[in-house]
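Peer 1:
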Amino acid sequence: MNDRKITLAYGSGGRLTHQLIKDVFLKHLNNEILSQMNDSAVFELDGRLAFTTDSYVVNPIFFPGGDIGKLAVNGTVNDLAMMGAEPLYISLGVIIEEGLSLEDLERIVISVKEAVEEAGVKIITGDTKVVEKGKADKIFINTSGLGIIPRGIEIRGDNAKPGELVIVSGTIGDHGIAILSARNQLSFSADVKSDTAPLNKLVKIMVDSVPEVSVLRDPTRGGLATTLNEIAQASSVGIEIYESEIPIRDSVKSTCELLGLDPLYMANEGKLVAIVPEDKAESLLYVMRSSPYGKDARIIGKVTREHPGKVILITKLGSKRILDMLSGDPLPRIC
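According to numbering that gives the first Met the number 0, the sequence shown is numbered sequentially starting from 0.
Given below as structure tokens:
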């Protein structure tokens, strides 16, 4: 591959396309299914399946703590995990802007490789397209994922019940501030890194220990506040959370204060919200804290019969205010 930039010829389906697939994608992602290079991946599965898809247009494509490749794998793995599924297979669709360096492309593919290895999943099918310069922004990625839901697991967004407790797996707002920092070169938040991480191994030990978990969600776009609103509305319950219990890094908090942002609405890419019966909460918390993906887990609130469909924040001063869903888009292309 003498050319160091992607040209339209790499998307033609001809010799250069095959060379790109062999020298970049198969070089790093090959496995017994992908190597067959058929028009579809063929495999056998038994049981109840979960299937999801997501597209990634994050800007910039490289940021503190990750890049678009790592984000694309982890995001789809986590969407499956939030249903209690054990992720198995992922597809990788890549749209490349003419002019992207082959060095950057390979760096992203290596990141994809590292992410699938960490999550314990396989890329088994894919597609590559190249568009004219100016018709995309460097690279866009779509990933779809397939997983198996173990017997006895019934986790849904409309499953929260009054009296249950709300747990978050760690500090919030890290990803949103990392992207904001990288995009705008904010030196005062340079130590903040994206929290992008696969949560399937954390979820497995959670549901193995406490199969009564009612709801799992990953608070990505719109942040914790929006995710809790979605749960409250889907389940027709109220949710109360305590400001003093929400884990937020000092650097995230100070950056939000300087810029007039609310960390409760900042995106996360490696955290989850769990809703669990009160008598199981401490057991679940103990298990979560045993994992590097949940070491900072905290109980932050409870599900109520009052104010169905709404989320109430109890401030450090003891006053209450309604937390609405995110309005507008203060930080576009966050993932």
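We put the beta carbon where it would ideally sit given N, CA and C, even for glycine.
In three-state terms, what does DSSP make of D194?
Peer 2: Here residue 194 is taken as the residue at index 195 of the sequence shown, counted from 1. D194 falls in the coil class under three-state DSSP.
Peer 1: Who pairs with A273 in a beta bridge, going by DSSP?
Peer 2: Position 274 of the sequence shown, counting from 1, holds the residue named residue 273. In DSSP, A273 forms a bridge with I166 and L215.
Peer 1: Mind checking whether D190 and N77 have CB atoms under 8 Å apart?
Peer 2: Here residue 190 refers to the residue found at position 191 of the sequence shown. Here residue 77 refers to the residue found at position 78 of the sequence shown. No.
Peer 1: Helix, strand or coil for Y292? Go by DSSP, reduced to three states.
Peer 2: The residue labelled residue 292 in the question sits at position 293 within the sequence shown. Looking at Y292 - three-state DSSP - the assignment turns out to be coil, as it is neither helix nor strand.
Peer 1: Determine contact between the stretch 126–137 and the stretch 265–272, defined as no fewer than three beta-carbon pairs at a distance below 8 Å.
Peer 2: Touching, no, given that fewer than three Cβ pairs across the two stretches are closer than 8 Å.
Peer 1: How far does the alpha helix (DSSP H) with R47 in it reach, from first residue to last?
Peer 2: Here residue 47 refers to the residue found at position 48 when the sequence shown is read from its first residue. Not the alpha helix (DSSP H): R47 falls in the beta strand (DSSP E), residues R47 to Y55.
Peer 1: Using three-state DSSP, classify S134 as helix, strand or coil.
Peer 2: By 1-based counting over the sequence shown, the position of residue 134 is 135. The sequence as given places Lys at residue 134; Ser does not occur at that position. K134 falls in the coil class under three-state DSSP.
Peer 1: Tell me the DSSP secondary structure of F24 in three-state form.
Peer 2: Along the sequence shown, one-based indexing puts residue 24 at 25. Looking at F24 - three-state DSSP - the assignment turns out to be helix.
Peer 1: Let me confirm a value: R14 is counted as buried when at least 16 other C-beta atoms fall within 10 Å, else exposed. Which label applies?
Peer 2: Here residue 14 refers to the residue found at position 15 when the sequence shown is read from its first residue. R14 comes out exposed.
Peer 1: Start and end of the alpha helix (DSSP H) containing K279?
Peer 2: Translated into the one-based positions of the sequence shown, residue 279 becomes position 280. No alpha helix (DSSP H) contains K279, which DSSP labels as neither H nor E.
Peer 1: Quick check on the burial criterion: 16 or more other C-beta atoms within 10 angstroms. Buried or exposed for I321?
Peer 2: In the sequence shown, counting from the first residue as 1, residue 321 sits at position 322. By the 10 Å Cβ count, I321 comes out exposed.
Peer 1: Are the stretch 23–31 and the stretch 219–239 touching by the rule of at least three beta carbon pairs closer than 8 Å?
Peer 2: Counting Cβ pairs under 8 Å, fewer than three are found: no touch.
Peer 1: What's the C-alpha gap between V212 and N183?
Peer 2: Position 213 of the sequence shown, counted from the start, is the residue given in the question as residue 212. Position 184 of the sequence shown, counted from the start, is the residue given in the question as residue 183. So the alpha carbons of these two residues sit roughly 39 Å apart.
Peer 1: Kindly list the residues whose CB is nearer than 8 Å to the CB of S193, restricted to its own chain and excluding five residues on each side of it in sequence; keep chain order.
Peer 2: Along the sequence shown, read from residue 1 onward, the residue named residue 193 stands at position 194. Counting only Cβ-Cβ distances below 8 Å, and skipping sequence neighbours, we find F62, P63, G64, G65, L70, D173, H174, A177, I178, E268 and G269.
Peer 1: Is the distance from the Cβ of V167 to the Cβ of I238 below 8 Å?
Peer 2: The sequence position of residue 167 within the sequence shown is 168, counting from 1. The sequence position of residue 238 within the sequence shown is 239, counting from 1. Not in contact: V167 and I238 (Cβ atoms no closer than 8 Å).
Peer 1: The beta strand (DSSP E) with S318 in it runs from where to where?
Peer 2: Counted from its first residue, the sequence shown places residue 318 at position 319. Counting along the chain, S318 falls outside any beta strand (DSSP E), and DSSP gives it neither H nor E.
Peer 1: Report the CB separation of T195 from G144 in whole angstroms; it is logged as a contact under 8 Å.
Peer 2: The residue given as residue 195 occupies position 196 in the sequence shown. The residue given as residue 144 occupies position 145 in the sequence shown. Contact doesn't hold; Cβ gap of about 15 Å is too wide.
Peer 1: Could you tell me the distance, in whole angstroms, from the CA atom of K137 to the CA atom of S90?
Peer 2: The count along the sequence shown starts at 1 and reaches residue 137 at position 138. The count along the sequence shown starts at 1 and reaches residue 90 at position 91. If you take the alpha carbons of K137 and S90, they lie about 20 Å apart.
Peer 1: Take L215 as the anchor and find which of V57, N30 and L79 has the nearest alpha-carbon.
Peer 2: Numbered from 1 along the sequence shown, position 216 holds the residue referred to as residue 215. Nearest C-alpha to L215: L79.
Peer 1: Only counting the same chain, and skipping five residues up and downstream in sequence, which positions put a Cβ closer than 8 Å to that of C255?
Peer 2: Counting from 1 along the sequence shown, the entry for residue 255 is found at position 256. Counting only Cβ-Cβ distances below 8 Å, and skipping sequence neighbours, we find G172, I176, D261, P262 and M265.
Peer 1: Over the uninterrupted alpha helix (DSSP H) stretch that includes L79, give me the two end residues.
Peer 2: As a working note, residue 79 is residue 80 in the sequence shown. L79 -> alpha helix (DSSP H) spans I67 to A80.
Peer 1: On a CA-only basis, which of V56, A84, I32 and A233 is nearest V202? Give me that one, please.
Peer 2: For the purposes of this step, residue 202 is taken as residue 203 along the sequence shown, with counting starting at 1. If we check each option's Cα against that of V202, A84 comes out closest.
Peer 1: Is DSSP giving P262 helix, strand or coil here?
Peer 2: As a working note, residue 262 is residue 263 in the sequence shown. If DSSP states are grouped into helix, strand and coil, P262 belongs with the helices.
Peer 1: Any contact of the stretch 105–116 with the stretch 33–53, i.e. 3+ C-beta pairs under 8 Å?
Peer 2: Touching, no.
Peer 1: With burial defined as no fewer than 16 other Cβ atoms inside 10 Å of the residue's Cβ, what is the status of Y292: buried or exposed?
Peer 2: Here residue 292 refers to the residue found at position 293 when the sequence shown is read from its first residue. Burial call: buried.
Peer 1: At the level of alpha carbons, what is the spacing between V310 and L223?
Peer 2: Taking the first residue of the sequence shown as position 1, residue 310 is located at position 311. Taking the first residue of the sequence shown as position 1, residue 223 is located at position 224. Cα to Cα, the separation comes out at about 11 Å.
Peer 1: Is S243 helix, strand or coil by DSSP?
Peer 2: Here residue 243 refers to the residue found at position 244 when the sequence shown is read from its first residue. DSSP places S243 in helix when its eight states are reduced to three.
Peer 1: If you compare alpha carbons, which of A159, G12, L198 and R220 is closest to V72?
Peer 2: By one-based count along the sequence shown, residue 72 stands at place 73. Nearest of A159, G12, L198 and R220 to V72, Cα basis: L198.
Peer 1: Among L283, I298 and S253, which has the Cα closest to the Cα of I245?
Peer 2: The sequence position of residue 245 within the sequence shown is 246, counting from 1. I245 has its Cα closest to that of I298, out of L283, I298 and S253.
Peer 1: State buried or exposed for T398, treating a residue as buried only when at least 16 other CB atoms are found within 10 Å of its CB.
Peer 2: An answer regarding residue 398 cannot be provided, because it is not within the stretch 0 to 334 covered by the chain.
Peer 1: Would you kindly check if the distance between the Cβ of V93 and the Cβ of K160 is under 8 Å?
Peer 2: Taking the sequence shown and counting its residues from 1, one reaches residue 160 at position 161. Taking the sequence shown and counting its residues from 1, one reaches residue 93 at position 94. Going by C-beta atoms, K160 is not nearer than 8 Å to V93.
Peer 1: Where do the N-terminal and C-terminal ends of the alpha helix (DSSP H) with S39 fall, by residue?
Peer 2: For the purposes of this step, residue 39 is taken as the residue at position 40 of the sequence shown. Premise fails: S39 is in no alpha helix (DSSP H) and is neither H nor E.
Peer 1: What is the DSSP secondary structure of E116, counted as helix, strand or coil?
Peer 2: Here the question's residue 116 lines up with position 117 in the sequence shown. In the structure shown, E116 sits in a helix (DSSP, three-state: H, G or I).
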